[in-house]
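See structure below.
Protein chains: 2
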Amino acid sequence: MKTGFLLTVAYDGTNYSGWQRQKNAYTVQQAMEETLSKVFNQPIVVTGASRTDAGVHALGQRVCFSAENISVPLNKIPLVLNNCLPEDIAVFNAEIVPLDFNPRYRAREKTYQYRIDNDTFPNPFLRKTTWYYPFILDVDAMKTAAAYFMGEHDFAAFRSTGTDYNSTVRELFECSVTQEKKTITITVRGNAFLYNMARIIAGTLVYVGRLKIKPADITCIIASKDRTRAGITAPPHGLTLVEIKY
Amino acid sequence: MKTGFLLTVAYDGTNYSGWQRQKNAYTVQQAMEETLSKVFNQPIVVTGASRTDAGVHALGQRVCFSAENISVPLNKIPLVLNNCLPEDIAVFNAEIVPLDFNPRYRAREKTYQYRIDNDTFPNPFLRKTTWYYPFILDVDAMKTAAAYFMGEHDFAAFRSTGTDYNSTVRELFECSVTQEKKTITITVRGNAFLYNMARIIAGTLVYVGRLKIKPADITCIIASKDRTRAGITAPPHGLTLVEIKY
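Chains as they are written, first to last, in the numbering used here: chain Y, 1 to 246; chain D, 247 to 492.
So this is what it looks like as structure tokens:
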């Protein structure tokens, strides 16, 4: 009998070419499929809720698969998988879902965090999970600007080309900027995200911090639907997929 | 004219065989000597305040060297060095010291932190800087036990063999245990440390947390001067040299 499973997975994306399987590069999906197929002794294909880019990290990625005749008790599955997975991938939870459960389309809320190391010199311990950006940033202006992103908007100005969408309207429930010592964290929480949307919002907020864009201009940039008016796409290694809710 | 310099250096020790130069292994000292010799265009030998073991990290290592005719302004030295050092080593400060300044013997206070990831499953982001230890720990007992280490004691029971000392008496100004979510941090601050002393104190406090040693027994173990009565030497990658004061 086939059973559907939904895993909660954390990974340090540094050594992977992103989530999605590729022909000539090693990805998190491939690492997980190889481990699961070996552990459960059957060919297993997994579906991720978010196709994180190369270098992007995850604390709460959700990963679906179905398998036949699994004898391992549900609560032991994380332990069994963690014993075999590479040390930069860890399963934190396993639950049973219907066989047709799609972790991507069923998600109703995703949270990403983008972290910036704003210290004068680069902290070696943060180099793989933050964007080292030693220039002066007006964090209060960034906070003010962040609020303009909240709500339902057409985010066409905040996506990279490469993916077609029926609609570029998305809703952000939260967009906030916090600072602890020299680390600045941008949190975006929404119903869904366009390709590179979280990183372009982060790059735009950094431009606000550099006084290249005024906080109140965010509204005009959103309305323009013009990608060239937003800031740069912040580098991938500062981004972490924190949580997905169903 | 020769000038003496004292650097404050942070490093992720994961990819190094410790601080001290070795014949057949790459160390932080070698990486720094190679970079400094190249940048200042003269052979440079450095002296570290603490000979951290393989895998041990540093936020505030102190490193001394002398060099002739340095034209770079003092406040630009960190920037110039960081541009050439490997990305897992960073210089945070440079100051001028007398030519005979010995960073090891002149230190009057060193602070180390030992971190434990006590979560059920290993957090991939903490795997290189914490000891993943998923067993139940009585943190209150660890806190009580830590206090017994404070003050001046003969720490002969808390050192590994391999180094001769005139005296094994050391003074700890602080020994404390804190917890934030599932991460437990042991802080030890003292006038000097014996070989592996910080890691053996950490391993002993973990034994207290596992109820293998009672907090009040710490006094007897210290008095015994018997290494076999203390706990294990906790693995190196959980240890960070945080600060050195002169």
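A virtual CB, placed ideally from N, CA and C, is assigned to each residue, including glycine.
Quiz item: What are the boundary residues of the beta strand (DSSP E) that includes Ala256 of chain D?
Solution: Residues 248 to 257.
Practice problem: Kindly indicate which three-state DSSP category Ser413 of chain D falls into: helix, strand or coil? | Solution: coil
Quiz item: Just how far apart, CA to CA, sit Asn15 of chain Y and Val285 of chain D?
Solution: 30 Å
Practice problem: Go ahead and pull the three-state DSSP assignment for Ser312 of chain D. | Solution: strand
Quiz item: Using a Cβ-Cβ cut-off of 6 Å (strictly less than) and excluding sequence neighbours within five positions of Arg350 of chain D, which residues of its own chain qualify?
Solution: Ala295
Practice problem: Tell me, please, which residues DSSP counts as bridged to Gln268 of chain D. | Solution: The partner list for Gln268 of chain D (beta bridge, DSSP) is empty, contrary to what the question assumes.
Exercise. Consider the Cβ of Pro43 of chain Y: report whether some Cβ of chain D lies at a distance smaller than 9 Å.
Key: no
Quiz item: Looking at the C-beta of His483 of chain D, does it have a partner C-beta in chain Y at a distance below 9 Å?
Solution: no
Exercise. Using the Cα positions of Leu457 of chain D and Thr254 of chain D, report the straight-line distance between them to the nearest angstrom.
Key: 39 Å
Exercise. Could you work out which residue in D:Leu440, D:Thr424, D:Gly436 is closest to Asn412 of chain D when comparing CA atoms only?
Key: D:Leu440
Practice problem: Ignore the nearest five residues each way along the sequence and tell me which others in Thr414 of chain D's own chain have a CB closer than 8 Å to its CB. | Solution: Asp400, Phe401, Ala402, Arg405, Leu440, Lys471
Practice problem: Give a yes or no on whether the C-beta atoms belonging to Tyr112 of chain Y and Ala198 of chain Y are separated by under 9 Å. | Solution: yes
Exercise. Counting only the same chain and skipping the five closest in sequence on each side, list residues whose C-beta sits under 6 Å from that of Thr450 of chain D.
Key: Ala476, Gly477
Exercise. Quick one: give me the first and last residue of the beta strand (DSSP E) that Phe92 of chain Y is part of.
Key: 89 to 97
Quiz item: What separation, rounded to the nearest whole angstrom, lies between the Cα atoms of Val274 of chain D and Glu355 of chain D?
Solution: 22 Å
Practice problem: Please name the residue, chosen from Y:Ile200, Y:Thr163, Y:Val208, that lies closest to Phe135 of chain Y on a Cα-to-Cα basis. | Solution: Y:Val208
Practice problem: Anything in chain D within Cβ reach of Ile89 of chain Y, meaning under 9 Å, just list it in chain order. | Solution: Pro370
Quiz item: Per DSSP, Gly397 of chain D is paired with what?
Solution: D:Leu418
Exercise. Kindly list the residues whose CB is nearer than 6 Å to the CB of Thr424 of chain D, restricted to its own chain and excluding five residues on each side of it in sequence; keep chain order.
Key: Thr431
Quiz item: Which residue's Cα is closest to the Cα of Val242 of chain Y: Y:Ala25, Y:Tyr148, Y:Asn191, Y:Ala58?
Solution: Y:Ala58
Quiz item: How about Arg51 of chain Y and Gly18 of chain Y: are their beta carbons less than 9 Å apart?
Solution: yes
Quiz item: What residues from chain Y crowd round Ala403 of chain D, counting only those whose CB sits closer than 8 Å?
Solution: Under the 8 Å cutoff, chain Y gives no residues; its nearest Cβ is about 32 Å from Ala403 of chain D.
Self-check item: Contacts of Ala10 of chain Y in chain D (Cβ-Cβ under 7 Å)
Solution: Asn369, Pro370
Practice problem: For Asn82 of chain Y, go through chain D and note every residue whose CB falls closer than 8 Å to its CB, in chain order. | Solution: Phe367, Pro368
Exercise. Just the chain Y side, please: which residues come within less than 9 Å of Pro324 of chain D by C-beta, in chain order?
Key: Thr120, Phe121
Quiz item: Can you tell me whether DSSP reads Val452 of chain D as helix, strand or coil?
Solution: helix
Quiz item: Under the three-state reduction of DSSP, which class applies to Gly238 of chain Y: helix, strand or coil?
Solution: helix
Quiz item: Nearest CA to the CA of Ser312 of chain D: which residue from D:Ile335, D:Asp363, D:Ser283, D:Lys322?
Solution: D:Ser283
Quiz item: Does the Cβ of Leu6 of chain Y have 16 or more other Cβ atoms within 10 Å, making it buried, or fewer, making it exposed?
Solution: buried
Quiz item: So is Phe92 of chain Y in contact with chain D if we call contact Cβ pairs under 9 Å?
Solution: So yes, Phe92 of chain Y belongs to the interface.
Quiz item: Cα separation between Asp164 of chain Y and Ala234 of chain Y?
Solution: If you take the alpha carbons of Asp164 of chain Y and Ala234 of chain Y, they lie about 21 Å apart.
Quiz item: Looking at the structure shown, is Leu331 of chain D part of a helix, part of a strand, or coil, going by DSSP?
Solution: In the structure shown, Leu331 of chain D sits in coil (DSSP, three-state: anything other than H, G, I, E or B).
Self-check item: Under 8 Å from the C-beta of Thr375 of chain D: neighbouring residues of chain Y
Solution: Contacts between Thr375 of chain D and chain Y, judged by CB atoms closer than 8 Å, involve Phe125 in chain order.
Quiz item: When burial is assigned at 16 or more other CB atoms within 10 Å of the CB, is Tyr246 of chain Y buried or exposed?
Solution: exposed
Quiz prompt | Glu493 of chain D versus Ile96 of chain Y - alpha carbon distance | solution = Nothing about residue 493 of chain D can be read from this structure; chain D reaches only from 247 to 492.
Practice problem: Go ahead and pull the three-state DSSP assignment for Val423 of chain D. | Solution: strand
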